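Participant:
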Amino acid sequence: MTYRIIGCAMAVHNRLGPGLREGIYQRALAVEMNSAGLSHVDEKPVEVFVDGASVGLLYLDHMVEDALIVEVKSLRHQLTDDEVGQVITYLAATGLKVGLLLNFARKSLEYKRILPPKKLDAWKERIKRYAWMPKKPHNG
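For the sequence shown, our numbering assigns the number 777 to the initial residue and increments by one for each residue that follows.
1) In the DSSP assignment, what residue or residues form a beta bridge with residue 825?
2) Determine the closest residue to residue 868 out of 796, 823, 799, 810, with distance taken between C-alpha atoms.
3) Assign residue 892 to buried or exposed, taking buried as 16 or more other Cβ atoms, counted over all protein chains shown, within 10 Å of its Cβ.
4) The alpha helix (DSSP H) that contains residue 780, what's its start and end?
5) To the nearest whole angstrom, what separates the beta carbons of residue 887 and residue 876, a pair I think is in contact under 8 Å?
6) Taking 8 Å as the cut-off, does the stretch 778-788 touch the stretch 809-817 (at least 3 CB pairs, one atom from each stretch)?
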């Protein structure tokens with residue numbers, strides 16, 4: 777499946793080229809995946825729990841075939857451990873086994889297939905960095 781998604785991403789990159797905003801690539805990739813017959817959910821919210829309490833939401837760019845996370849970037853620099861860590865965090869939060877990180881801003885499409893580490897507990901702490909938290913009302 778990663779091969780098919782990378783093919784869709786290459787088609788988008790060939791059509792649009794580098795230099796556009798991330799959201800444009802996200803939507804173009806969704807169109808291309810639809811054409812390829814891949815089912816996906818865009819901007820999929822994933823609730824994060826710590827000790828049974830909901831602590832926030834993560835938003836996946838695309839969840840494909842209920843099995844794979846696709847994270848879209850438009851960064852001039854090469855992908856770093858920070859971006860890889862973000863996808864690993866998403867894998868930890870969802871329990872999914874494969875992530876695909878795509879960077880459209882480079883001359884050639886940059887992509888990485890990412891698997892979760894064997895020990896996810898340390899990564900679960902990093903989730904807080906990416907989680908949206910509602911502001912607590914002042915009791916005042």
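No residue lacks a Cβ here, since even glycine has one placed at the ideal position from N, Cα and C. The structure presented is a predicted model; accordingly, all values stated were derived computationally and were not measured.
Facilitator: A quick look at the data gives this:
1) Beta-bridge annotation (DSSP): residue 825 is paired with 830.
2) Checked all of 796, 823, 799, 810; the closest Cα to residue 868 is 823.
3) Counting Cβ neighbours within 10 Å, residue 892 comes out buried, since at least 16 surround it.
4) If you look at residue 780, you'll find it in the alpha helix (DSSP H) that goes 778-792.
5) So it is a contact: roughly 7 Å between Cβ atoms.
6) The stretch 809-817 vs the stretch 778-788: in contact.
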